[in-house]
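Peer 1: In our numbering, the protein residues as written are 40 to 601.
Backbone N, C-alpha and C fix where the C-beta goes; we use that ideal spot for every residue, glycine too.
The structure displayed is predicted, hence computed values, not measured ones.
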């Protein structure tokens with residue numbers, strides 16, 4: 040078996056993550072230790088775009104949320120400049136990256152010629168600013184394509200049929216419905232488009248000076264790919280828009296080489312001309328790689344702009360909720376995932392209602408309120424939610440008789456507001472109870488062997504304690520909360536190794552038996568409570584979770600968006 044020694048001495052592996060609010064970079068050496076990192080925050084570092092949280096919200100079109108494509112180009116140039124003093128680009132032997140899933144970019148006719156002949160004396164921004172048929176990239180937060188989702192599902196025989204075929208029912212943020220909306224509402228944009236990229240393949244295209252393939256894992260987040268064959272589904276393509284396959288190009292495995300780095304970067308920044316660009320993929324698949332998640336009983340919870348719960352499985356069993364994607368680092372396996380739109384921005388909204396808008400106050404409230412919150416349950420939707428499909432709104436309930444866990448007569452009453460400390464605990468517990476309820480319904484392990492927490496909020500020990508109490512398992516964390524860019528750097532090394540060997544090799548062979556000496560190891564943050572009180576608390580959380588799912592079902596029946 041190939042070992043770590045196969046990574047060349049002194050070599051560097053560069054991973055990027057183009058997320059909703061920022062562009063990050065992480066650099067690993069041949070020992071898989073982080074040697075450099077940096078970040079460009081879209082709002083604060085590129086204020087001239089006037090984004091809020093990296094996005095624009097269309098006041099005239101409810102749920103229409105997008106980002107300026109060219110902002111990502113400018114951020115990429117700025118990040119490379121920030122990295123230049125920190126590392127020797129000529130030592131980078133492979134690059135890969137992560138992009139927010141589902142977002143799409145529309146290259147206009149004639150742009151390939153521009154992309155393949157970039158002038159190293161000029162900026163990327165000046166050369167690519169006119170390369171797109173629309174300057175707006177629909178992103179994962181968008182929920183304006185309900186009509187297109189129903190049309191696509193209907194054309195293939197219903198939501199479950201589409202899920203069996205592509206790994207997910209039609210979701211508004213998925214790229215297929217977004218493409219159909221553009222085809223229907225601005226047909227001239229669709230007609231003028233020669234290539235449609237995902238955010239991941241868009242960034243890879245810039246690096247190779249050519250249209251990079253969409254990888255199979257991120258491609259599964261489009262409602263367009265046959266999840267079992269890993270090829271575009273002609274049935275769904277025809278239901279989405281005419282002539283679409285030609286605009287999408289071919290699919291590629293996540294570990295494949297997208298190409299060698301373009302001469303532009305060799306001449307402008309002194310990258311080595313043999314530097315490989317490994318297929319970029321989505322942010323959640325890259326996090327799966329960065330967390331070294333390779334045991335079926337483990338789950339990961341990512342607490343970021345969106346909150347996600349994901350794990351791995353040997354077989355695809357798509358259903359009406361959740362998603363199945365190919366595993367980015369195990370060609371025969373799959374990853375399963377749940378996604379929530381109301382993550383960190385919604386938590387920040389509750390924090391902003393605290394005195395001084397302070398995380399310290401937020402944390403002190405979480406600390407001083409008891410687990411179960413006296414039965415106070417909250418549903419907080421700053422944006423239209425994905426899971427469950429509920430519109431913007433806030434719903435608060437107090438559940439009574441919770442102390443009797445054998446009781447089937449739990450009664451809830453709706454209230455207008457909670458006191459501030461209860462509000463803080465209600466959003467944290469509410470989000471986690473929803474994750475547990477939906478994870479169990481989707482067939483994820485119950486309880487998990489362990490949960491690995493990542494994302495910005497995973498550095499909050501009080502939130503980690505709530506995860507352990509609600510799921511009834513130990514919680515681990517990694518050294519860095521930005522597991523997507525770390526996973527991208529690891530995948531760069533893995534792709535380089537597969538290319539060197541001439542065939543796929545397991546990613547674990549790069550760190551097996553040595554994980555604690557790399558930047559990849561997870562450490563126990565919160566142990567499972569083994570006492571009688573801990574077990575009673577878990578029982579009560581189980582009862583509260585079922586009550587929450589019951590209230591949620593009624594809300595969906597009454598005001599649901601699907």
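Can you list, in chain order, the residues of its chain with a C-beta nearer than 8 Å to that of residue 181? Leave out the 5 residues immediately preceding and following it.
Peer 2: Correct list, in chain order: 102, 103, 104, 105, 211, 212 and 217.
Peer 1: Measure the alpha-carbon distance for residue 277 versus residue 363 and round it to whole angstroms.
Peer 2: Residue 277 and residue 363: Cα-Cα distance of roughly 22 Å.
Peer 1: Need the endpoints of the beta strand (DSSP E) that residue 62 sits in, please.
Peer 2: 61-68 is the extent of the beta strand (DSSP E) around residue 62.
Peer 1: Count the other C-beta atoms from every protein chain shown that fall within 10 angstroms of the C-beta of residue 347, then say buried if there are 16 or more, exposed otherwise.
Peer 2: Label assigned to residue 347: buried.
Peer 1: Specify the secondary structure class of residue 419 as computed by DSSP and reduced to three states.
Peer 2: The answer is strand: DSSP assigns residue 419 an E or B state.
Peer 1: If distances are taken between C-alpha atoms only, which option among 271, 579, 257 and 398 comes closest to residue 409?
Peer 2: Minimum Cα distance to residue 409 is reached at 579.
Peer 1: Would the beta-carbon of residue 380 fall within 7 Å of that of residue 422?
Peer 2: Cβ atoms of residue 380 and residue 422: closer than 7 Å.
Peer 1: How far does the beta strand (DSSP E) with residue 147 in it reach, from first residue to last?
Peer 2: It spans 143-147 - the beta strand (DSSP E) in which residue 147 sits, taken as one unbroken run.
Peer 1: Is residue 562 helix, strand or coil by DSSP?
Peer 2: Of the three classes helix, strand and coil, the one that applies to residue 562 here is strand, per DSSP.
Peer 1: Report the rounded CA-to-CA distance for residue 112 versus residue 239, giving the unit in angstroms.
Peer 2: Roughly 12 Å between the two C-alpha positions.
Peer 1: Measure from the alpha carbon of residue 352 to the alpha carbon of each residue in 508, 344, 343 and 336, then state which is nearest.
Peer 2: Cα-wise, what sits closest to residue 352 is 336.
Peer 1: Measuring CB to CB, does residue 567 end up less than 7 Å from residue 513?
Peer 2: Taking 7 Å as the Cβ cut-off, residue 567 and residue 513 qualify as a contacting pair.
Peer 1: Which residue wins for smallest C-alpha separation from residue 50, given the options 590, 314 and 429?
Peer 2: Among 590, 314 and 429, the Cα nearest to that of residue 50 is on 314.
Peer 1: Given a cut-off of 7 Å on the beta-carbon distance, is the pair residue 375 and residue 301 in contact?
Peer 2: Contact flag unset, no.
Peer 1: Round the Cβ separation of residue 402 and residue 499 to the nearest angstrom and send it over; I've been treating them as touching at under 8 Å.
Peer 2: Right, their Cβ atoms sit about 7 Å apart.
Peer 1: Under three-state DSSP, which class holds residue 43?
Peer 2: Here the model assigns residue 43 a pLDDT of 45, short of 50, so the residue's position is not dependable and the matter cannot be decided.
Peer 1: Tell me whether the segment 503-513 and the segment 470-487 touch, counting them as touching only if at least three CB pairs, one residue from each stretch, are closer than 8 Å.
Peer 2: Output reads yes: the segment 470-487 touches the segment 503-513.
Peer 1: Suppose only complete runs of 3+ residues qualify. What are the beta strand (DSSP E) ranges in the segment 468-539, listed by chain order?
Peer 2: The segment 468-539 contains these whole beta strand (DSSP E) runs: 489-493 and 514-517.
Peer 1: Give me the residue from 488, 593, 53 and 77 with the minimum Cα distance to residue 334.
Peer 2: That would be 488, whose Cα lies nearest to the Cα of residue 334.
Peer 1: Cα-Cα, which of 89, 73 and 116 is closest to residue 79?
Peer 2: Comparing Cα-Cα distances from residue 79 to each of 89, 73 and 116, the minimum goes to 116.
Peer 1: Does the distance from the CB of residue 140 to the CB of residue 260 come in under 7 Å?
Peer 2: Taking 7 Å as the Cβ cut-off, residue 140 and residue 260 qualify as a contacting pair.
Peer 1: Enumerate in chain order the residues of its own chain whose CB-to-CB distance from residue 309 is below 6 Å, with the five nearest sequence positions on each side excluded.
Peer 2: So the qualifying residues of the chain are 128 and 129.
Peer 1: Whole-angstrom Cβ separation of residue 320 and residue 58, contact assumed at under 8 Å?
Peer 2: Between residue 58 and residue 320 the Cβ distance is about 13 Å, and since that is not below 8 Å, they are no contact.
Peer 1: Leaving out five residues before and five after residue 85 in sequence, what residues of the same chain have Cβ atoms less than 8 Å from its Cβ?
Peer 2: The residues are 79, 110, 113, 114 and 117.
Peer 1: For residue 212, report the span of its alpha helix (DSSP H) as first-last.
Peer 2: That residue, residue 212, is in no alpha helix (DSSP H); it is neither H nor E in DSSP.
Peer 1: To the nearest angstrom, how far is it from the Cα of residue 600 to the Cα of residue 570?
Peer 2: Taking the straight line joining both Cα atoms gives about 42 Å.
Peer 1: In this structure, how does DSSP classify residue 327 when only helix, strand and coil are distinguished?
Peer 2: Correct three-state label for residue 327: helix.
Peer 1: I'd like to check one pair, residue 530 with residue 135: are the Cβ atoms closer than 7 Å?
Peer 2: In contact: residue 135 and residue 530 (Cβ atoms closer than 7 Å).
Peer 1: Between which two residues does the beta strand (DSSP E) containing residue 365 stretch?
Peer 2: Its beta strand (DSSP E) spans residues 362-365.
Peer 1: Leaving aside the five residues before and after residue 452 along the sequence, list all residues of the same chain whose C-beta is less than 7 Å from its C-beta, in chain order.
Peer 2: So the list reads 436 and 437, once near-sequence residues are dropped.
Peer 1: If you follow the beta strand (DSSP E) that residue 434 is part of, which residue opens it and which one closes it?
Peer 2: Residues 432-439.
Peer 1: Is the segment 166-177 touching the segment 149-158, taking contact as three or more C-beta pairs under 8 Å?
Peer 2: Taking 8 Å as the limit for Cβ pairs, the verdict is that the segment 149-158 does touch the segment 166-177.
Peer 1: In whole angstroms, what is the alpha-carbon distance linking residue 44 and residue 75?
Peer 2: Per-residue confidence for residue 44 stands at a pLDDT of 43, beneath the threshold of 50, marking its modelled position as unreliable; the derived number appears in the next sentence. About 21 Å.
Peer 1: Between which two residues does the alpha helix (DSSP H) harbouring residue 611 extend?
Peer 2: Here the chain covers residues 40 to 601 and nothing more, so residue 611 does not appear.
Peer 1: Determine which residues share a DSSP beta bridge with residue 150 and list them.
Peer 2: DSSP lists no partner for residue 150.
Peer 1: Just confirm the distance between the C-beta atoms of residue 342 and residue 497, as a whole number of angstroms; I'd bet it's less than 8 Å.
Peer 2: Going by Cβ atoms, the distance from residue 342 to residue 497 rounds to 6 Å, so yes, they are a contact pair.
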